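Protein sequences, first through last, are from chains A and B.
Offset between the first sequence (1-based) and the numbering used here: plus 1056.
Position 116 (the second sequence) corresponds to 100 in the numbering used here; numbering is contiguous.
Structure first, commentary second.
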Amino acid sequence: MSTPDVIDHLVGIAPGSPLDAIRAQRPEARENAQRSYLALFEPEAPGEASALERYAVASYVARLHRAPAVAAFYAARLADHADIADAVAAEAAHATTGPYGRFPPGPLSAEDMPGAAYRVGSDHRPVFGARLTAAIEHADLLVFHPRDASPQALQDLLDAGWSTTGIVTLSQLVAFLAFQIRVIAGLKVLAATPATDAAR
Amino acid sequence: MIEAAIVYPRGDQPNAFTRDEIGWRPWLAPLPEEELTDRHRAGLVEPARAKSAYFRLLVRDPEVLEARTRTDKDIFYNTRAGLPRAERELAATAASRSNGCIFCASVHARFAAHYSRRPEDVQRLLDEGVTAELDARWRAVVDASVALTATPIAFGPEHVERLRTAGLDDAAIADVVNGAAFFNWANRLMLSLGEPKPPHGG
């Protein structure tokens, strides 16, 4: 596989290190996390989301997580699209905290944390175009308040020109990043917190 | 032609966390089983998954589904070293409870209760939420999983230290990270591409 392992790269896992040995105990997970990355970001066929859409949404999602190294990794592929990269950075500046949202009406309603659905600013809509605007707004929903998801949210994507298969790819991309960014963050903390005698 | 999302009549949706078996129905059209090609079947990994509307929807992007499925299986089923299965399922349940995925929580709470033989503790986590009273080891696993589920991620050195104090080695802590992180993937698909439904009908 020519592309280096993205999680190892972004955590800073060196061959032969303790975390290298730990990841080696879950070899299928390690290999297939990378294969998931490749299928989403370096697909053999273009599929129903463009490379620009994939990288723009990824850099937006990483910024919403305040994961600057991951954001820089994906934004590097937007080098030829400075207008998009700048608009992504500006739109991500509103980043809030999650998870919030409403439950289906009933006993869990007491736990509802209602919050607004994010909408791209009118200045950036023409930069993104209808499809990418809808994708960015959907990514925001999935990152911060996935329990507010609805058929209408998918209808908004369909109306903006996304196909059913394209929505599956987009949803996988955002959801995969929620995984990848957490593995990177978690392993970085683990590597930076060596065991002490007191903790044994 | 613009496709249409599928809307179901309201009223029968499960609206509380449960260990009972419930169903799931899609908001977008899955591929019909008779249209699955060899590439799709490879993406499903397990032939039985051709019966599932969820997997027949995800298989529209078969390469991603296949890689995701193999990631999932190794994180949860590979018993070599690391965290016991029960506590991997506990991490999955805690992430699902925090994100609010009633369907995911139902499946993995059943697994957590089964493998731990502690159904009362698992049920308390479902009923009272992620701050429910638990022993120190489960408290550490749940708190770490919830901190990993927050955006921005709130997992820090204090979580690692509490997991170590509770007896987890670094391989087990990596399993907590992987298990909670994976459910931040799964929850977002289950929550956004469809909804829970009653076990029969719907």
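Using N, Cα and C, we set each Cβ at its ideal position, and we do this for glycine too.
This structure is a prediction, so every number in the text was calculated from the model and none was measured.
Can you look up residue i in the DSSP assignment and give me helix, strand or coil?
i: residue 122(B); result: helix
i: residue 1218(A); result: coil
i: residue 1255(A); result: Model confidence at residue 1255(A) stands at a pLDDT of 45, short of 50, so the residue's coordinates are unreliable and nothing is read from them.
i: residue 14(B); result: coil
i: residue 7(B); result: strand
i: residue 115(B); result: coil
i: residue 140(B); result: coil
i: residue 1059(A); result: coil
i: residue 133(B); result: helix
i: residue -5(B); result: coil
i: residue 1162(A); result: coil
i: residue 163(B); result: helix
i: residue 27(B); result: helix
i: residue 1338(A); result: Beyond the ends of chain A as shown, which are 1057 and 1256, falls residue 1338(A); an answer cannot be given.
i: residue 1249(A); result: coil
Express the C-alpha separation of residue j and residue i in angstroms, rounding to a whole number.
i: residue 98(B); j: residue 92(B); result: 10 Å
i: residue 0(B); j: residue 85(B); result: 10 Å
i: residue 1062(A); j: residue 1162(A); result: 42 Å
i: residue 149(B); j: residue 167(B); result: 25 Å
i: residue 186(B); j: residue 9(B); result: For residue 186(B), the predicted structure reports a pLDDT of 49, less than 50, and the residue's modelled location is therefore unreliable. A value from the coordinates is still provided. Each residue's Cα considered, the two are about 8 Å apart.
i: residue 1255(A); j: residue 145(B); result: Residue confidence for residue 1255(A) is low, a pLDDT of 45 falling below 50, so the modelled location carries little weight; the figure read from the coordinates is stated next. Taking the straight line from one Cα to the other gives about 7 Å.
i: residue 1114(A); j: residue 1203(A); result: 21 Å
i: residue 103(B); j: residue 140(B); result: 29 Å
i: residue 131(B); j: residue 1121(A); result: 13 Å
i: residue 117(B); j: residue 1076(A); result: 35 Å
i: residue 1248(A); j: residue 125(B); result: 19 Å
i: residue 65(B); j: residue 170(B); result: 24 Å
i: residue 1135(A); j: residue 1145(A); result: 13 Å
i: residue 1052(A); j: residue 1157(A); result: No answer is possible for residue 1052(A): it lies beyond the span of chain A, which begins at 1057 and ends at 1256.
i: residue 1074(A); j: residue 120(B); result: 26 Å
Taking residue i as part of the alpha helix (DSSP H), name the residues at either end of that continuous run.
i: residue 1100(A); result: Here residue 1100(A) belongs to no alpha helix (DSSP H), and DSSP marks it neither H nor E.
i: residue 1179(A); result: Looking at the DSSP string, residue 1179(A) is not in any alpha helix (DSSP H), and its letter there is neither H nor E.
i: residue 1074(A); result: 1074 to 1080
i: residue 98(B); result: 86 to 100
i: residue -10(B); result: Careful: residue -10(B) lies outside any alpha helix (DSSP H) and carries neither H nor E.
i: residue 57(B); result: 46 to 61
i: residue 80(B); result: 69 to 83
i: residue 1123(A); result: Premise fails: residue 1123(A) is in no alpha helix (DSSP H) and is neither H nor E.
Does the distance from the CB of residue i to the CB of residue j come in under 8 Å?
i: residue 1108(A); j: residue 1140(A); result: yes
i: residue 1117(A); j: residue 1195(A); result: yes
i: residue 44(B); j: residue 1221(A); result: yes
i: residue 110(B); j: residue 3(B); result: yes
i: residue 29(B); j: residue 1092(A); result: no
i: residue 70(B); j: residue 100(B); result: yes
i: residue 1191(A); j: residue 1226(A); result: yes
i: residue -13(B); j: residue 1106(A); result: no
i: residue 1143(A); j: residue 1184(A); result: yes
i: residue 5(B); j: residue 183(B); result: yes
i: residue 1084(A); j: residue 35(B); result: no
i: residue 1154(A); j: residue 21(B); result: no
i: residue 223(B); j: residue 67(B); result: Residue 223(B) is absent from the structure shown; chain B starts at -15 and stops at 186.
Note the first and the last residue of the continuous beta strand (DSSP E) segment covering residue i.
i: residue 1171(A); result: Counting along the chain, residue 1171(A) falls outside any beta strand (DSSP E), and DSSP gives it neither H nor E.
i: residue 181(B); result: 178 to 181
Given 8 Å, three or more beta-carbon pairs between the stretch 1059 to 1071 of chain A and the stretch 1230 to 1247 of chain A
yes
Is the stretch 153 to 163 of chain B close to the stretch 70 to 88 of chain B, with three or more CB pairs under 8 Å?
yes
Are there three or more Cβ pairs, one per stretch, closer than 8 Å when the stretch 39 to 55 of chain B is compared with the stretch 7 to 25 of chain B?
yes
Could you tell me whether the stretch 1121 to 1128 of chain A touches the stretch 1222 to 1237 of chain A, using the rule of 3 or more Cβ pairs below 8 Å?
yes
The stretch 1170 to 1183 of chain A in contact with the stretch 1079 to 1092 of chain A per 3-pair CB rule at 8 Å:
no
Is the stretch 167 to 186 of chain B in contact with the stretch 1204 to 1224 of chain A, if contact means three or more CB pairs nearer than 8 Å?
yes
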